[in-house]
Amino acid sequence: MNRDATKSLRISHVGLRGVVGPGLTAARVIDFASAFGTFLGAPGAVVTGRDPRASGVMIREGVAAGLMACGRDVIDLGVVSTPVIQHTIRRMGAAGGVSIGASHNTADWNALKFFGPAGVYLSTAEAGELLDIYHLRKFDFADWQGIGGMRVETGTIDPYLDELAAVFDIAAIRGFCVVVDCCNGTSSHILHRMNRRFGTNFILINAKTEGVEFAHGPATTRDTVGLQLAPLMVPLGADAGFLFDVDSDRVALAAEDGTAVSEELVLPLIADYLLPRHEGKLVITNLSSTALLEEVVARHGGRVLRVPVGRQSAMDALATYRPEQIALAGEGTGAVMMPQFRFIYDGIASMLAILSMMKERGARLSEILKSYPRFSILKGEAPLQSRQIPALLAAIRERYRDGEVNATDGLRVDWPDHWFHVRVSQTEPVVRIICERRGDPPRELYDELVEQCLAANTY
Amino acid sequence: MPRREHLLKIGVSGVRGVVGEFLTPALACAFAQAFGTYVGVGRVVVGRDTRSSGPMLQHAVTCGLLASGCEVVDVGILPTPTIQMFAGSSRAQGGIAITASHNPPEYNALKLFNSHGLFFNQYEREELIDLYHQSEFRNAANGQIRRATADLETPARLHIARVLKHVDVERIRRRRFRVAIDCVNGAGSLMTPAFLRDELNCEVHAISVDPAKPFPREAEPRPGTLGDLSALVGATGSCVGFAQDPDGDRLAVADETGRILDNDDVLALAVDAALGRSSGDVVVNLTTSSAIDDIAASHGRAVHRTPVGEANVVETIQAVHAAIGGEGANGGIIFPAVHLCRDSYTGMAFLLDRMAETGESMSALAARLPRYSRKLGKVAYEHGRLSALMQALEAHFPGARMNRMDGLKIRLPQGWIHVRSSNTEPILRIAAEARSEADAEELYGRVLRLFGEG
């Protein structure tokens, strides 16, 4: 990421994010935490946790100060995954929580995610209110007698594993040899504990939680899996390989034959396992995720709802359905929510679903993957010139008017065997271009689109 | 309720204010980040007194220090002198004590120390305030952010060991003094009983030593606020009573009859004890009793007078290599051989040592001090009226010797008057001292009448 770090700060409906120091500063953290303390309605404590980045302690101190000043008690879980924080909020009946960690970003970044009661991500309406309070900077500070305190709570991994074990038969997957690339993140603590408690056979690499530098970028993509994880599969005789981002809410995978699997396949794979087991038949995903999902979901009589890209849209959509209607929700980035753990993207739960599927079918991972039709996806980006976007999208729409158009998030155009999606990223100043086709990659279409997006800069 | 602008003060003494609306976490964090930027990358010691806002502010301060690239050492709840000594002897770049000292519980403040564990001097303070106002802080990147650790044991040990080097510990232990203490549930709540009981073998009777509870009395230890200590001394038959303020730098003393000694007399006793064992002069502020001059003269030493304020006394002690210094009315004893700061522990040790050495009671020791009568008070003034008031005062005493170092100190044949404006509020502090009580009352009354208050 070669952006100017001083312009890395982004404060939006999904929280705040930036390169620590030049972008994300202590002052912003304190103000945002004060806004969150002012925003929270429900009584109770607020749970905090962080990934291992060195800046996490500084940010935790600021978050604690802001919340305590608003009269909230803070329960700090230390270095834990985002799903553990969400489970703990619900289990403790807390008023909300804050996860400090920049998940798939490099070590110099950090970010804050905010949760309401039961560990649910804030809705877009709630997040908008939080932003308004932040911008007004009028906070409801308690007087000296009402200021909150902070206590440290360790040992939240076991209750979390209890909840996973109630859904998955963890003992049944003990026979698998599974290699895991922890990306120096929080998954290593959880998997260590699982090995001890359940006798599972997770072999961990990059398992030392690191504050300053990760072994490699922690994005859950096929490319990252190819760096260290995939080459280990055959030599170690592993049955499957998984890679987690730093806060363990996303997962990517490698097959036993050493293939680095596309991150797009995680969601269809889990859908294939979960749909027959659940009453709910609705799968929520975004407009950029693979069309394979529709095929797999259709096999089980389910339906796919596509929403704009971003966690916020998925969560808002999810909130409009009864829990029993939903089979799962997720993104092509390896973030998947199981119906039992509503509103929690959880890479560890996703991994257990895939291993359970292998066990149930008695099949190798590569065999299961081969049972799906082949789709080829191309992803790229072009620099953003915000002013030109409407003209660019209009020009593209005009050029490809023979397809079926969806304009809810940039422009997505579908044909029977291929589609593309051009949209403005929410996290970086780029236009994202994604094309997919059944069979071979849609190279020509992709090149055309990239060329048009680059040309837009000279309009 | 003070006026709004007095609920927050950012200035020469750091940051002080009413927590919540005024002293916010954002302000504490920004000030700490300015401090970290100013002292430079390295270790900063952070501790606090027992105020309910302390933990919140400590998190904010730690956040700001880490963001500036400093390493933070949390020393927990400790007296301010203990934090200062540790900051000065642990290869730290500086220290921050989160305490509003003797101010009421709704207040809190940040006290700032340099790498020697001394309060920032005037020039350091001004540079820091400029830096704060400029908001150009060092913002450490992830790879430059250092650790936050805790050391809850070493500072108290270090402090106590230093104090004990300057008294005859065995002599005190042998007497097994019965001592009553009132720690106002402040920072000394745990350390003071341990110091007296374990180190000096006293039989300790304590009230208000629960750091989790609020201050049970007015925070400033002075005769009007220490009725409970007096009663405790009487009920337990203690030979002395000690009271601290919430951050354990100030000391008040009760004699064996439960009478609270005048704070100037406490300082005088400590000065007498110190001059008996170390060389050097004495430094006190302009408001401190003339008893100090008499005692210094009896040891053949000089007294240097300074403007009011601990930092002023400390700077002059340094400059003249004094043996001891302090501020009478504020209950502050500064003995540089222990550390250049107000320290109630040095005071307690000196007084017990004096009793052990002489075999005399506290009331007898106090009775042998030079006798002066003092009258202290304050009047509010309107902004803009200060100079007229001071000019009227000067005109009222033609021919008297005047000292204009800090307000106006007027020397008269029967005694002296000192009038100065407070650094923190628009009030004039008035002190009058004379050989007789009637003269002191008369001098004090004359000033009040002059200001239209009498």
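Chains as they are written, first to last, in numbering that gives the first Met the number 0: chain A, 0 to 458; chain B, 0 to 453. We put the beta carbon where it would ideally sit given N, CA and C, even for glycine. Just so we're clear, the structure is a prediction, and the values are computed from it rather than from any experiment.
Counting pairs of beta carbons, one from the region 148–162 of chain B and one from the region 335–355 of chain B, are three or more of them closer than 8 Å? With a cut-off of 8 Å, the region 335–355 of chain B and the region 148–162 of chain B count as touching, because enough Cβ pairs lie within range.
Spatial neighbours of Glu255(A) in its chain, beta-carbon cut-off 7 Å, leaving aside the 5 residues before and after: Taking C-beta separations shorter than 7 Å and ignoring five residues to either side along the sequence, the partners of Glu255(A) in its chain run Met232, Ala237, Asp238, Ala239, Arg363, Leu364, Ser365, following chain order.
Any C-beta of chain B under 8 Å from that of Pro51(A): Not an interface residue.
Beta-carbon of Ile95(B) versus every beta-carbon of chain A: anything under 8 Å? For Ile95(B), the answer is no, since every Cβ of chain A falls outside 8 Å of its Cβ.
Can you round the beta-carbon distance between Arg137(B) and Glu70(B) to whole angstroms, since I take them to be within the 8 Å contact cut? Wrong, their Cβ atoms sit about 14 Å apart, outside the cutoff.
Between Leu339(B) and chain A, is there a C-beta pair that is closer than 8 Å? For Leu339(B), the answer is no, since every Cβ of chain A falls outside 8 Å of its Cβ.
Nearest to Phe118(B) by CA position, among Tyr131(B), Ala96(B), Asp129(B), is which residue? Nearest of Tyr131(B), Ala96(B), Asp129(B) to Phe118(B), Cα basis: Ala96(B).
Within 8 Å, strictly: CB atoms of Arg52(A) and Ala106(A): Their beta carbons are under 8 Å apart, which means Arg52(A) touches Ala106(A) by this criterion.
Taking the Cβ atom as the reference point for each residue, do His277(A) and Ala313(A) lie within a distance shorter than 8 Å? No, the Cβ-Cβ distance between His277(A) and Ala313(A) is not below 8 Å.
Which partner residues does Pro382(A) have in the DSSP bridge list? Per DSSP, Val429(A).
In the structure shown, what three-state DSSP assignment does Cys452(A) receive? DSSP places Cys452(A) in the helix class (H, G or I) of the three-state scheme.
Would DSSP call Thr47(A) helix, strand or coil? In the structure shown, Thr47(A) sits in a strand (DSSP, three-state: E or B).
If you run the structure through DSSP and keep just helix, strand and coil, what is Ile144(B)? The answer is coil: DSSP assigns Ile144(B) none of H, G, I, E or B.
Classify Leu151(B) as buried or exposed, calling it buried when 16 or more other Cβ atoms lie within 10 Å of its own Cβ. In this structure Leu151(B) is exposed. Its beta-carbon is surrounded by fewer than 16 other beta-carbon atoms within 10 angstroms.
Below 8 Å on C-beta distance, what does His58(B) contact in chain A? Those are Glu60, Gly61, Ala63, Ala64, Met67, Met149, listed as they occur along chain A.
Residues sharing a beta bridge with Phe419(A), DSSP: Beta-bridge pairing links Phe419(A) to Val412(A), Cys434(A).
Mind listing the chain A neighbours of Asn102(B)? Cutoff is C-beta to C-beta under 9 Å, in chain order. Chain A residues near Asn102(B): none, gap ~11 Å exceeds 9 Å.
Reducing DSSP to helix, strand and coil, say where Ser186(A) ends up. DSSP places Ser186(A) in helix when its eight states are reduced to three.
Please list the partners that Cys28(B) has in chain A, where partner means a Cβ-to-Cβ separation under 8 Å. What Cys28(B) touches in chain A: Ala25, Ala26, Ile29, Gly61, Ala64.
Could you run through the region 128–156 of chain A and flag, in chain order, every residue whose CB is less than 9 Å away from some CB of chain B? Those would be Arg136, Phe138, Phe140, Ala141, Asp142, Trp143, Gln144, Gly145, Ile146, Gly147, Gly148, Met149, in chain order.
Of the choices Ile388(A), Gly309(A), Asp271(A), Val28(A), whose alpha-carbon is the least far from that of Leu130(A)? Considering only alpha carbons, the answer is Val28(A).
Which two residues bound the contiguous beta strand (DSSP E) that contains Ala433(B)? Run containing Ala433(B): 426–433, per the beta strand (DSSP E) assignment.
Check whether Tyr120(A) and Ala34(A) have beta carbons under 8 Å apart: Judged by their CB atoms, Tyr120(A) and Ala34(A) are not nearer to each other than the 8 Å cut-off.
If you compare alpha carbons, which of Glu441(B), Lys408(B), Asn113(B) is closest to Thr287(B)? Nearest option by C-alpha distance: Lys408(B).
Only counting runs of 3 or more residues, tell me where the beta strand (DSSP E) segments fall wholly within the region 136–205 of chain A, in order along the chain. Those beta strand (DSSP E) runs which fall completely within the region 136–205 of chain A and span 3+ residues are 149–151, 176–180, 200–204.
Please list, in chain order, the chain B residues whose beta carbon lies closer than 7 Å to that of Gly20(A). Correct list: Asn138, Ala139, Ala140.
Identify which residue in Gly118(A), Leu392(A), Tyr344(A), Phe243(A) has its Cα closest to the Cα of Arg221(A). Distance from the Cα of Arg221(A) is smallest, within the candidate group Gly118(A), Leu392(A), Tyr344(A), Phe243(A), for Phe243(A).
Close beta carbons around Glu440(B), own chain, < 7 Å, minus the five adjacent residues each side: Only residues of its own chain outside the window of five on either side were considered, and among them Lys374 have a CB closer than 7 Å to the CB of Glu440(B), listed in chain order.
Secondary structure of Arg15(B), DSSP reduced to three states: DSSP, read as helix, strand or coil, puts Arg15(B) in strand.
Do you know whose CA, among Val252(B), Asn120(B), Gln83(B), Asp244(B), lies nearest Ser362(B)'s CA? Checked all of Val252(B), Asn120(B), Gln83(B), Asp244(B); the closest Cα to Ser362(B) is Val252(B).
Taking 8 Å as the CB-CB limit, is Asp107(A) close to chain B? With its beta carbon less than 8 Å from one in chain B, Asp107(A) belongs to the interface.
Considering only the beta carbon of each residue, do Gly324(B) and Val312(B) sit closer than 8 Å? The Cβ atoms of Gly324(B) and Val312(B) sit closer than 8 Å to each other.
Who are the near neighbours of Ile466(A) in its chain, counting only those whose CB is closer than 8 Å to its CB and skipping five residues on each side? The structure shown does not extend to residue 466(A), since chain A is modelled only from 0 through 458, so no value can be given for it.
Once DSSP output is grouped into helix, strand and coil, what is the label at Glu219(B)? Of the three classes helix, strand and coil, the one that applies to Glu219(B) here is coil, per DSSP.
Just tell me which of Lys6(A), Ala124(A), Thr87(A), Gly127(A) has its CA closest to the CA of Trp108(A). That would be Lys6(A), whose Cα lies nearest to the Cα of Trp108(A).
Met337(A) to Asp168(A), Cα distance in whole Å? About 15 Å.
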